[in-house]
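Below: one structure, written as structure tokens.
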Amino acid sequence: MDAVVERGGSDEHRLRRSLLVGSSSLIMLAGFLWGTLYLIFDEPIAGAIPIAYSLLSLLSLGLFLLTRNYGLYRSIQLIAILLLPFLVMLALGGFVNSSAVILWSVLCPFGALLFTELRQAPRWMLVYLALVILGGIFQPLARASNNLPPTLVVPFFFVLNIGAVTGIAFILLYTFVRERNRAFELLKEEQGRSERLLLNVLPKEIAPILKAGERTIAEYYESASVLFADIVGSTPLFAELQPAEAVDWLNETFSLFDRLVEKSGLEKIRTIGDNYMVASGVPTPRPDHAQAIADLALEMIRELGMLPGRQGRQIEFRVGINSGPLVAGVIGTTKFHYDLWGDTVNIASRMESHGVPGKVHIAEGTYRLLEDEFECVPRGRVPIKGKGEMATWYLVGRKS
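Residue numbers (the working numbering): 605 to 1004.
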């Protein structure tokens, strides 16, 4: 059926066109059958009307295929299926003598629900009800009998009319609902993908707030921890590799970090080039934020040593951590980004940049939170860019 309907428009519009062409084709075949049966039983007027409907339907279908004028085709079909069964009823002598052939007219308002704008359907329903009432008014004036044998053929046509109309209506509704449900399932899948993509750039606690329409998302945290990890000598290291191989190595490394961060329940903030940033205690505060991020840093260093090298080279990271107050929030309107601000974040970055490969360099804010549970080696006072001299430590591991 798709081969004969217009390709343009949305999937729903194509479905509507396909259903209209399909249903009108079924009714067109039924019109030829009903007209032939009426002619056999010597009812030429009643027989000519459904055959005329079928010929009109065939011509309108051909016109639709030539002009692609869906609106005209739809109007012809709705008007024809509304009026012609009413005329057949009058020709056969009313509701009973015609075996309730006017039931076919109910396909008009039903079809209007499917094939037109919703606001138009009640108008078609009102016209259908007006025709039914009009048929009741003219019933006393109708012929008392017709040439259809009342004991066999009239009940037979009752069965045909009721069965065919309800069958076509059910097929239309079933097909439309099935395709609509399929579209809803696809929409749900797309929404799921969109939400997963949103969770890749926003914490799961923040994404629902943004979806709810909150314009400004920012929160102050009294105490949290921030980790920066950066590849040592990345420029000469990757210069020796093909671009695809360099990207593959980075992807393998940062995918390892992603798995460790997810396992630890912490929050990855971003990856920029060869720099990786993690936070603990945001957006959900936790009292053990320093301990949790320290465990993560040690596991990152340990797991990195197990990764296979490339061309005899091993990838190495400097890792820096600091703890303290900070602000977290979402910036951007089209490309959202959850980020952290404050002196705590700046010092964590300095801990990484002033660190040494393969070690976790921590500031005093973190050390004070870890000293009872973790072994830390003092580095002494180190000149830190923009901060002067600061006391720093190397994180070794948990105390036994």
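All C-beta atoms in this analysis are idealised placements derived from N, C-alpha and C, irrespective of residue type, glycine included.
Own chain, CB closer than 8 angstroms to residue i, minus 5 neighbours either side, in chain order
i     : result
S627  : L711, G715, I772, I775, L776
V931  : A822, E823, Y824, Y825, L944, W945, G946
G647  : According to the sequence as given, residue 647 is Glu; it is not Gly. Cβ within range, chain order: A695, L696, N750, N751, L752.
S1004 : none
A787  : D615, E616
K989  : R954, S957, H958
R917  : L841, E844
G739  : F690, M693, L694, G698, F699, I706
Q915  : E844, L845
D878  : D834, I835, S838, L854
P961  : V836, E920, F921, R922
Test: residue i CB closer than 7 angstroms to a CB of chain B
i    : result
V882 : You won't find chain B in this structure, because it holds only one protein chain.
Nearest-angstrom Cα separation, counted from residue j out to residue i
i    : j     : result
L687 : S709  : 7 angstroms
R723 : G675  : 16 angstroms
R800 : H941  : 15 angstroms
M904 : V934  : 27 angstroms
R906 : G1001 : 11 angstroms
V886 : M729  : 59 angstroms
T875 : R890  : 23 angstroms
R727 : V736  : 14 angstroms
L733 : G796  : 45 angstroms
Y677 : A656  : 16 angstroms
L623 : I683  : 17 angstroms
A967 : E793  : 45 angstroms
V608 : G635  : In this prediction, V608 scores a pLDDT of 49, lower than 50, which makes its location untrustworthy; no coordinate-derived value is stated.
P713 : L663  : 22 angstroms
R922 : A896  : 18 angstroms
G767 : G651  : 20 angstroms
R972 : F978  : 10 angstroms
T948 : L911  : 31 angstroms
T671 : L717  : 24 angstroms
K991 : N950  : 10 angstroms
E789 : S884  : 37 angstroms
K872 : P847  : 25 angstroms
N673 : L665  : 10 angstroms
P754 : N785  : 45 angstroms
R621 : Q681  : 12 angstroms
A641 : L791  : According to the sequence provided, residue 641 is Leu. The question's Ala does not apply to it. Roughly 48 angstroms between the two C-alpha positions.
I741 : V731  : 15 angstroms
V882 : G913  : 24 angstroms
Proximity of residue i and residue j at Cβ, strictly below 7 angstroms
i    : j    : result
E975 : R985 : no
V692 : I653 : yes
V769 : L669 : no
L900 : L870 : yes
T996 : N926 : no
S562 : M632 : Any property of residue 562 remains undetermined from this structure, which presents the chain solely from 605 to 1004.
V836 : E920 : yes
DSSP state of residue i mapped onto helix, strand, coil
i     : result
A704  : coil
V882  : strand
V1023 : The requested residue 1023 does not occur in the structure, where the chain is confined to residues 605 to 1004.
A1012 : Nothing can be reported for residue 1012, as the shown portion of the chain is limited to 605 through 1004.
I653  : helix
F645  : coil
H958  : coil
N673  : coil
D606  : Any reading at D606 must be qualified, since the residue scores a pLDDT of 47, below 50, and its modelled position is unreliable; the value itself is stated next. D606 falls in the helix class under three-state DSSP.
G639  : helix
V836  : coil
N926  : strand
I685  : helix
T875  : strand
T888  : coil
T970  : helix
M693  : helix
M994  : strand
A828  : strand
I951  : helix
G715  : helix
R985  : strand
D899  : helix
Close-in-space but distant-in-sequence residues of the same chain around residue i (CB under 6 angstroms, 5 per side omitted)
i    : result
T720 : none
L637 : none
G924 : F832, A952, M955, E956, G959, H965
F645 : N751, L752
L619 : E783
N701 : N750
S658 : M632, G635, F636
Neighbourhood of residue i by C-beta, 7 angstroms cutoff - its chain only, sequence neighbours within 5 removed
i    : result
S703 : V758, F761, F762, N765
Y998 : K963, V964, H965, C980, V981, R983
A850 : F842
Y880 : A833, F858, F861
L756 : none
T779 : L623
L630 : I772
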